[in-house]
Amino acid sequence: MGVGGLGCPAALALARAGIGRLVLCDDDIVDITNLHRQVLFDEADVGRDKLDVARSRLLHEGAQEVDLIRSRLLPDVAREMVREVDVVLEGTDNFPSKFLAADACYLERKAIVHGAAVRFVGTALSVAAHAAPCYRCLFEDLLEQGKAPNCTEAGVVGPVVGVVGALMADLALDVLVGDGSRQGVIYSFDGKKIALRPLSVPPRADCMLCGTDSPSPISEIHLGLYLRDHMGCSSPAASVPSQQI
Amino acid sequence: MAIIVRIPTPLRTLTGGAESVDIEAKNVRDLVEALEANHSGMKERLMDDKGVRRFVNLYVGEEDIRFLDGLDTELKDGDEVSIVPAIAGGR
Numbered sequence: 000m001g002v003g004g005l006g007c008p009a010a011l012a013l014a015r016a017g018i019g020r021l022v023l024c025d026d027d028i029v030d031i032t033n034l035h036r037q038v039l040f041d042e043a044d045v046g047r048d049k050l051d052v053a054r055s056r057l058l059h060e061g062a063q064e065v066d067l068i069r070s071r072l073l074p075d076v077a078r079e080m081v082r083e084v085d086v087v088l089e090g091t092d093n094f095p096s097k098f099l100a101a102d103a104c105y106l107e108r109k110a111i112v113h114g115a116a117v118r119f120v121g122t123a124l125s126v127a128a129h130a131a132p133c134y135r136c137l138f139e140d141l142l143e144q145g146k147a148p149n150c151t152e153a154g155v156v157g158p159v160v161g162v163v164g165a166l167m168a169d170l171a172l173d174v175l176v177g178d179g180s181r182q183g184v185i186y187s188f189d190g191k192k193i194a195l196r197p198l199s200v201p202p203r204a205d206c207m208l209c210g211t212d213s214p215s216p217i218s219e220i221h222l223g224l225y226l227r228d229h230m231g232c233s234s235p236a237a238s239v240p241s242q243q244i
Numbered sequence: 000m001a002i003i004v005r006i007p008t009p010l011r012t013l014t015g016g017a018e019s020v021d022i023e024a025k026n027v028r029d030l031v032e033a034l035e036a037n038h039s040g041m042k043e044r045l046m047d048d049k050g051v052r053r054f055v056n057l058y059v060g061e062e063d064i065r066f067l068d069g070l071d072t073e074l075k076d077g078d079e080v081s082i083v084p085a086i087a088g089g090r
């Protein structure tokens with residue numbers, strides 16, 4: 000989800016690892032401001048459809064099959080989007096999309112690797128299929144309007160997303176070979192200190208997604224879950240972008 | 000009790016760029032107050048009227064305080080407190 004700063008290096012690593020089928024989801028055009036970190040694209044691609052360019056590059060780099068979903072991550076299609084894959088790599092740049100991806104994967108019993116990066120720091124969290132802990136165990140839910148951290152104009156350092164994207168691919172490979180030893184751990188990368196720090200995420204019994212004691216567990220995707228916060232780096236769920244970082 | 004507080008990148012503007020600060024506190028609640036006293040604006044980034052903000056996680060060592068005693072989690076000399084905020088992306 001998202002063929003941007005995280006999705007590009009992650010997809011490239013998986014293509015070269017010989018993964019049989021990659022499914023790319025995005026709806027954007029290559030922009031010159033993408034080039035410092037979105038390593039599948041170069042200057043000649045500016046103005047072209049990201050998915051078309053990415054597909055061509057990944058096939059050249061060893062991918063066997065690359066399918067495309069030309070769409071944003073939307074509540075009414077999220078579950079269908081994740082249904083046909085073994086693991087989802089979530090590299091979106093806004094909180095509604097992250098929660099939507101987490102919810103869709105949990106309900107469809109799919110493993111997911113969440114990635115994020117801003118300025119000099121990035122994180123990666125691998126979540127087992129329909130298991131605890133999940134993304135909501137850590138970050139719970141969207142905030143009320145206007146209270147989310149504003150990262151729209153924060154910027155991000157290219158090599159940081161490269162590291163985090165590669166880490167996401169590494170965690171995805173774990174899933175594909177059946178190794179769950181690094182799931183449920185949030186890895187934080189500090190690009191200034193060049194340090195990677197793991198922190199275990201304890202499962203919360205009252206988590207609204209995976210908890211066993213939640214008073215109102217999420218049992219289906221509905222728009223209202225993602226509408227609360229549309230300030231800063233998030234967007235109204237009606238146009239939640241499956242966008243790049 | 001001298002506690003080492005690791006400051007995540009998004010909050011370093013409040014610490015003059017420092018990636019860690021030393022704070023005297025007996026528990027996490029006092030630590031937040033001390034952080035605010037030394038670095039104005041920090042408390043509002045960490046807390047709301049219900050407690051620790053949802054997009055922020057506080058760890059003492061490797062333990063999330065939600066699974067210890069929350070804000071009443073006691074601290075001892077040399078403990079390391081980490082602030083782990085949710086991040087989404089940058090352009």
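So the protein lines, in turn, are chains A and B. Residue 88 in numbering that gives the first Met the number 0 sits at position 89 of the first sequence, with consecutive numbering throughout. Residue 11 in numbering that gives the first Met the number 0 sits at position 12 of the second sequence, with consecutive numbering throughout. Ideal Cβ positions, reconstructed from N, Cα and C, are used throughout, including at glycine.
query, result
"Proximal residues to Arg245 of chain A (C-beta, below 7 Å), its chain only, five neighbours per side dropped", "Residue 245 of chain A lies beyond the range of chain A shown here (0 to 244); nothing can be said about it."
"Length at least 4, wholly inside the stretch 128 to 185 of chain A: the alpha helix (DSSP H) runs in chain order", "134 to 138, 157 to 175"
"Exposure of Ser238 of chain A, with buried meaning 16 or more beta-carbon neighbours within 10 Å", "With a pLDDT of only 31 at Ser238 of chain A, under the threshold of 50, the placement of this residue in the model should not be trusted; the figure read from the coordinates follows. Answer is exposed; the Cβ neighbour count stays below 16."
"Sequence-distant residues of its chain with Cβ nearer than 7 Å to Ser233 of chain A (five each side left out)", "Its pLDDT being 37, under 50, Ser233 of chain A is placed unreliably in this model, and the coordinates cannot settle the point."
"Proximity of Ser19 of chain B and Val31 of chain B at Cβ, strictly below 8 Å", "no"
"Reference Thr72 of chain B, options B:Gly15, B:Val59, B:Val83, closest by Cα", "B:Val59"
"Any C-beta of chain C under 8 Å from that of Asp78 of chain B", "In the structure shown, chain C does not exist; the protein chains are A and B."
"Coil, strand or helix - Asn37 of chain B by DSSP", "helix"
"Beta-carbon separation (whole angstroms), Leu198 of chain A vs Val184 of chain A, contact threshold 8 Å", "7 Å"
"Burial state of Thr211 of chain A, where buried means 16 or more other Cβ atoms lie within 10 Å", "exposed"
"Exposure label - Gly6 of chain A; buried when at least 16 CB within 10 Å", "buried"
"Alpha carbon of Pro235 of chain A to alpha carbon of Leu226 of chain A, nearest angstrom", "With a pLDDT of 34 at Pro235 of chain A, under the threshold of 50, the predicted position of this residue should be treated as unreliable, and no value is reported."
"Cβ of Ile18 of chain A within 8 Å of any chain B Cβ", "no"
"Contact with chain B by Arg71 of chain A, beta-carbon distance below 8 Å", "no"
"Test: Glu18 of chain B CB closer than 8 Å to a CB of chain A", "yes"
"Secondary structure, alpha helix (DSSP H): runs of 4+ residues fully inside the stretch 58 to 134 of chain A", "77 to 82, 94 to 106"
"From B:Gly50, B:Gly77, B:Asp76, residue whose alpha carbon lies closest to that of Asp68 of chain B", "B:Gly50"
"Per-residue contacts from Thr8 of chain B into chain A (C-beta, under 9 Å)", "Val117, Arg118, Phe119, Val120, Asp189, Gly190, Lys191"
"Between the CA atoms of Ala85 of chain B and Pro7 of chain B - distance to the nearest angstrom", "10 Å"
"Contacts around Val200 of chain A, its chain only, beta-carbon distance under 8 Å, and the 5 residues preceding and following it disregarded", "Leu124, Pro132, Cys136, Leu137, Gly183, Val184, Ile185"
"Straight-line gap, Gly61 of chain A to Lys75 of chain B (C-alpha atoms, nearest Å)", "53 Å"
"For Pro197 of chain A: DSSP bridge partner residues", "A:Tyr186"
"Per-residue DSSP class, three states only, for Ala1 of chain B", "strand"
"Beta carbon of Ser70 of chain A nearer than 8 Å to that of Cys24 of chain A", "yes"
"Terminal residues of the beta strand (DSSP E) in which Arg20 of chain A lies", "20 to 25"
"Contact list for Asp63 of chain B against chain A, beta-carbon separation under 7 Å", "Pro201"
"Where Pro7 of chain B falls: helix, strand or coil (DSSP)", "coil"
"Chain A contacts from the stretch 42 to 64 of chain B (Cβ-Cβ distance under 7 Å)", "Arg53, Phe54, Asn56, Tyr58, Glu61, Asp63"
"Contiguous beta strand (DSSP E) assignments of at least 3 residues, all confined to the stretch 40 to 66 of chain B", "55 to 59"
"Val239 of chain A - DSSP class collapsed to helix/strand/coil", "Because the pLDDT at Val239 of chain A is just 31, under 50, the model does not fix this residue reliably, and the point stays unresolved."
"Backbone CA spacing between Ala29 of chain A and Thr12 of chain B [nearest angstrom]", "The question names Ala, yet the displayed sequence has Val at residue 29 of chain A. Going from the Cα of Val29 of chain A to the Cα of Thr12 of chain B covers about 32 Å."
"CB contact check: Gly140 of chain A to chain B, cutoff 8 Å", "One point to set straight first is that residue 140 of chain A is Asp, not Gly, in the sequence displayed. Yes, Asp140 of chain A lies at the interface with chain B (some Cβ there is under 8 Å from its Cβ)."
"Contact set between Ile185 of chain A and chain B, taken where Cβ atoms lie within less than 8 Å", "Val83"
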